[in-house]
Amino acid sequence: MTKIKYEHPFGMPAQVTKKQVPHKGNSLLGKSVNLRNTDSVLKEKREILLQEDQSGLDSKYSQLESTWKHISSEPEYERYWLTTADNHPVDDLLSMINSGVYPPPEHLLVLAECFNHYFSKKGETDLEDVFFGRPIESAGNYARRSSETSLFREFHNKLVLESKKKNKRVGNRVRKSREKIAEAILLREKRKQTSSKPETVSQDDEVTYSEIEAFLKRYNSYIGKQQVSS
1 MTKIKYEHPF GMPAQVTKKQ VPHKGNSLLG KSVNLRNTDS VLKEKREILL QEDQSGLDSK
61 YSQLESTWKH ISSEPEYERY WLTTADNHPV DDLLSMINSG VYPPPEHLLV LAECFNHYFS
121 KKGETDLEDV FFGRPIESAG NYARRSSETS LFREFHNKLV LESKKKNKRV GNRVRKSREK
181 IAEAILLREK RKQTSSKPET VSQDDEVTYS EIEAFLKRYN SYIGKQQVSS
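In terms of this note's numbering, the sequence shown opens at residue 1 and continues consecutively.
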């Protein structure tokens, strides 16, 4: 099995095997039998569109593909360009809409599939379960997990910048430790949640050692799951 070397900040390499590397975007999704926001459903819808388009029959989806063909005559609307390997279908759909790009019909069909499945269950499941899977213990629901992922990326980038300093002391400034960097990020986020003024520090704004340790543990887990180039 091919080994992939990941350069960890502060010179601590981590070994990750390709077999262990999940799909980046989908790795945030929880597991659920009701989950419909997946690459496999997207592929299934795309195949249906192609089959109905090739048949030449006037089907319920033929107009969707016909409209898309008209739109996709522009080079920036290539399907491969609009779909990324790092995201799930709804993530890509939102990115397209937020960028002012008309989405391919298969992405619209995935969205419809999610809602149709939700309504077919007649209250036995919820939208979180259908779109993003069940909440993960200690990691929360998808909104929390995706938000925390952005914090992990920020934390990692800051670690890398600090690790570039050759000495622990640079001039009068000491190179920040992992704990100090994590504390600053967590403190900022806590102030956002409590609506505290950035320049004001109260007892409620303090970050505990256990909170820092928990963040670092989740960060290490996140790093271990990331796909990196060899």
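We treat Cβ as the ideally placed atom computed from N, Cα and C, and that holds for glycine.
- If you compare the alpha carbons of Glu47, Arg36, Phe215, Tyr61 with that of arginine 153, the shortest gap goes to Phe215.
- The C-alpha of isoleucine 212 lies about 8 Å from the C-alpha of leucine 186.
- Counting of Cβ neighbours within 10 angstroms places asparagine 37 among the buried residues, the total reaching 16 or more.
- Glycine 140 has Ile136 as its beta-bridge partners, per DSSP.
- In summary, alanine 182 is buried, with 16 or more beta-carbon neighbours lying within 10 Å of its beta-carbon over all protein chains present.
- By the C-beta density criterion, glycine 123 is exposed, having fewer than 16 other C-beta atoms within 10 angstroms.
- The beta-carbon separation of glutamate 137 and leucine 42, rounded to 28 Å, does not stay under the 8 Å limit for a contact.
- In this structure, the CA atom of threonine 208 is about 11 Å from the CA atom of glutamate 179.
- In the three-state reduction of the DSSP assignment, glycine 56 falls in the coil class.
- Taking 8 Å as the upper bound for CB-CB distance, leucine 29 and glycine 133 are in contact here, some 5 Å apart.
- Tyrosine 219 and glutamate 44 have their C-alpha atoms some 34 Å from each other.
- Considering only Tyr142, Gln193, Val160, Thr194, the residue with the shortest C-alpha distance to aspartate 91 is Tyr142.
- Leaving aside the five residues that flank leucine 127 on each side, the residues in its chain whose CB is nearer than 7 Å to its CB run, in chain order, Tyr118.
- Here glutamate 113 is buried: its Cβ has 16 or more other Cβ atoms, across all protein chains shown, within 10 Å.
- Exclusion of the five residues before and after leucine 93 leaves Pro103, His107, Leu108, Val110, Leu111 as the residues of its chain whose Cβ lies within less than 8 Å of its Cβ.
- Rounded to the nearest angstrom, the Cβ distance from glutamate 47 to tyrosine 61 is 11 Å, too far for a contact under 8 Å.
- In this structure, Ser147 is the residue among Ser147, Lys69, Ser66 with its C-alpha nearest to the C-alpha of glutamate 189.
- The continuous alpha helix (DSSP H) containing asparagine 116 extends over residues 105-120.
- In this chain, the alpha helix (DSSP H) harbouring aspartate 91 covers 89-98.
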